[in-house]
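Colleague: Please find one structure pasted underneath; my questions will follow.
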Ligand code: AMP
Ligand code: ZN
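Numbering (the numbering used here), first residue to last: 603 to 721.
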């Protein structure tokens with residue numbers, strides 16, 4: 603069924619607790635944890651607890667949960683005190699854009715200067 607946990611999915615295993623992560627926030631529908639290979643002083647991933655392969659697919663199927671991910675990304679930025687300096691929410695979609703984990707996730711990056719356009 604759509605959204606069901608996938609046995610071969612790294613982020614489903616973080617949701618279930620099978621794989622540890624440094625969790626910084628949790629809501630009824632989302633988990634936020636530090637990226638294992640941080641690209642900025644603040645680098646947190648916000649994921650839905652349900653499994654969808656990417657953010658747009660999640661939004662099409664469960665728009666409220668996609669909104670929850672965005673709200674929680676903003677809350678992470680506030681917790682990390684990067685709102686005033688600015689931060690970026692990134693939704694890599696497809697391997698050509700650098701997506702390596704096919705469970706929807708938002709990167710929250712901040713705490714340093716961020717180039718535009720991104721590479
Ligand atoms: P993406 O490349 O957009 O699919 O993002 C996947 C992110 O997950 C990368 O930034 C990885 O560093 C991160 N990552 C992979 N494994 C883990 C893990 N076990 N805990 C935390 N972050 C992870
Ligand atoms: Zn998953």
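Every residue gets a Cβ at the ideal spot worked out from N, C-alpha and C, and that includes glycine.
1) Might you give, ordered along the chain, the residues of its own chain that have their beta carbon closer than 6 Å to the beta carbon of residue 716, omitting 5 neighbours on each side?
2) How about residue 660: is its Cβ closer than 8 Å to a heavy atom in ligand 1?
3) Taking the DSSP output, what are the residues bridged to residue 644?
4) Taking the C-alpha atoms as reference points, what is the distance between residue 671 and residue 626?
5) Counting only runs of 4+ residues fully inside the segment 604-640, write out the alpha helix (DSSP H) ranges in chain order.
6) In angstroms, rounded to a whole number, what distance separates the CA positions of residue 667 and residue 661?
7) Who pairs with residue 690 in a beta bridge, going by DSSP?
Modeller: Well, looking at it:
1) 690
2) No - ligand 1 has no heavy atom lying nearer than 8 Å to the Cβ of residue 660.
3) 712
4) 14 Å
5) 612-618
6) Looking at the backbone, the Cα of residue 667 and that of residue 661 are separated by about 7 Å.
7) 711
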